[in-house]
Amino acid sequence: MRIAADTVFVCGGAVQTPALLRRSGITAAVGDSLRLHPTLKLVARFPEIVNAADMGVPVHQVKEFAPRISLGCSISSPPYLALGLIDHPAARRTVAHDWPHLANYYATITGEGRGSVRTLPGRRDPWVRYRLTAADRHDLADGLRRLGEAMFAAGATELYPALPGGPVLRDPHDLQHLPKVFPAGAGGLMTIHLFSSCPMGERRDTCATDSFGRVFGHPGLRVSDASLLCGAPGVNPQGTIMALARRNVLHFLGQL
Ligand SMILES: Cc1cc2nc3c(=O)[nH]c(=O)nc-3n(C[C@H](O)[C@H](O)[C@H](O)COP(=O)(O)OP(=O)(O)OC[C@H]3O[C@@H](n4cnc5c(N)ncnc54)[C@H](O)[C@@H]3O)c2cc1C
31 MRIAADTVFV CGGAVQTPAL LRRSGITAAV GDSLRLHPTL KLVARFPEIV
81 NAADMGVPVH QVKEFAPRIS LGCSISSPPY LALGLIDHPA ARRTVAHDWP
131 HLANYYATIT GEGRGSVRTL PGRRDPWVRY RLTAADRHDL ADGLRRLGEA
181 MFAAGATELY PALPGGPVLR DPHDLQHLPK VFPAGAGGLM TIHLFSSCPM
231 GERRDTCATD SFGRVFGHPG LRVSDASLLC GAPGVNPQGT IMALARRNVL
281 HFLGQL
């Protein structure tokens, strides 16, 4: 089936949008500059009850070290706690009973590394790569240590960092057992914030779209998602992404 349209908005997110464009032969500055917020997590155990079935995602963050490092609490329902304890099997077995005393916390960094999104013949999923810089690996270790300090100051009795073979921390002195620099290639790293794989701007050598999301050289084709962000913002991105989408749609409608 063939569908014709004067204008197409591509909004598949920072991985799928560049993959779709590249599969369509549109490759200039597409998928070359993926940015993200690399994140490390730990599970903390408290003597008092800190978790509830309807807790949702707590919205408070520690921004004292921002934009380099942000600390916060993330979704802590029992399945997510079990996932967070994947490197600590003995503690994982306590989740079903102890979950009200446990919660997931994170240290996330702005990240100065870069990655790419590519498509491979015969493979449905795109190939995503990202390289941490030395500063990123330092900030990740620093963030995890500061997160541990905050947890002990808040009364935590045990910390389980998401590091393969990582130690269980029971005392602020145990924080010295954490790596001083996040080891290259170590597991435990995650992210939920990805951007910049089709950056917008007026420089055709580095940008996939103009400042309003119009793909260079392809009239009628627009990008409208996290791919447009020009870098890692260092804050939760959803508000910015929605504001940009609204601005670009108003521009499209001639109402800006
Ligand atoms: C678990 C989690 C928690 C988060 N919490 C927060 C938060 O608290 N605050 C915050 O600011 N941000 C948060 N984020 C980040 C935020 O959700 C993203 O930055 C934002 O949603 C990105 O918007 P987007 O439009 O680029 O992509 P998305 O919201 O991912 O939208 C892309 C859409 O395209 C669809 N799609 C992809 N490929 C195709 C295809 N080929 N065909 C059809 N459809 C396709 C996908 O199914 C999806 O619906 C969180 C993310 C995750 C994963």
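Residue numbers (this note's numbering): 31 to 286. Positions of the beta carbon are idealized from the N, C-alpha and C atoms, including for glycine. In this text, all values refer to a predicted model and were calculated from it rather than measured experimentally.
Got a sec? Which residues, its chain only, sit under 8 Å from residue i by beta carbon, not counting five neighbours each side?
{"i": "Ala82", "result": "Pro130"}
{"i": "Pro202", "result": "Gly178, Glu179 and Phe182"}
{"i": "Ile79", "result": "Pro130 and His131"}
{"i": "Gly250", "result": "Ala35, Asp36, Thr37 and Val38"}
What does DSSP give as the partner residues of residue i in its beta bridges?
{"i": "Gly145", "result": "Leu64 and Tyr160"}
{"i": "Pro191", "result": "Leu72"}
{"i": "Ile222", "result": "None; Ile222 has no bridge partner."}
{"i": "Ala137", "result": "Leu70 and Leu101"}
{"i": "Gln91", "result": "Gly102"}
{"i": "Val253", "result": "Val40"}
Which same chain residues end up closer than 6 Å to residue i when comparing Cβ atoms and leaving out the 5 residues on each side of it in sequence?
{"i": "Leu286", "result": "Leu280"}
{"i": "Met220", "result": "Thr69"}
{"i": "Ser227", "result": "Ala44, Pro48, Gly61, Leu64, Val147 and Ser257"}
{"i": "Ser104", "result": "Asn134 and Tyr136"}
Might you give, ordered along the chain, the residues of its own chain that have their beta carbon closer than 7 Å to the beta carbon of residue i, omitting 5 neighbours on each side?
{"i": "Gly243", "result": "Met230, Arg252, Val253, Ser254, Leu258 and Asn278"}
{"i": "Leu50", "result": "Val40 and Gly42"}
{"i": "Arg177", "result": "Per the sequence shown, residue 177 should be read as Leu rather than Arg. Excluding residues within five positions, the ones whose Cβ falls inside 7 Å are Leu72, Leu101, Tyr135 and Ala137."}
{"i": "Arg98", "result": "Ile139, Thr140 and Asp169"}
{"i": "Ala275", "result": "Ser254"}
Rounded to the nearest angstrom, what separates residue i and residue j at their Cα positions?
{"i": "Asp169", "j": "Glu94", "result": "14 Å"}
{"i": "Tyr6", "j": "Val245", "result": "With the chain represented from 31 up to 286, any question about residue 6 goes unanswered, as that position is not in the structure."}
{"i": "Arg52", "j": "Phe39", "result": "15 Å"}
{"i": "Ala44", "j": "Cys237", "result": "14 Å"}
{"i": "Leu205", "j": "Thr57", "result": "46 Å"}
{"i": "Ala216", "j": "Phe282", "result": "45 Å"}
{"i": "Asp240", "j": "Gly102", "result": "35 Å"}
{"i": "Ala214", "j": "Arg122", "result": "26 Å"}
{"i": "Leu66", "j": "Gly264", "result": "9 Å"}
{"i": "Ala183", "j": "Asp36", "result": "58 Å"}
{"i": "Pro191", "j": "Val158", "result": "25 Å"}
{"i": "Gly247", "j": "Ser54", "result": "13 Å"}
{"i": "Leu150", "j": "Arg200", "result": "46 Å"}
{"i": "Pro77", "j": "Gly185", "result": "8 Å"}
{"i": "Pro267", "j": "Arg233", "result": "23 Å"}
{"i": "Ser107", "j": "Thr124", "result": "14 Å"}
{"i": "Arg167", "j": "Pro209", "result": "10 Å"}
Assuming residue i contacts residue j under a Cβ cut-off of 8 Å, what Cβ separation, rounded to an integer in Å, is found between them?
{"i": "Leu193", "j": "Gly173", "result": "Not really, about 13 Å apart at Cβ, beyond 8 Å."}
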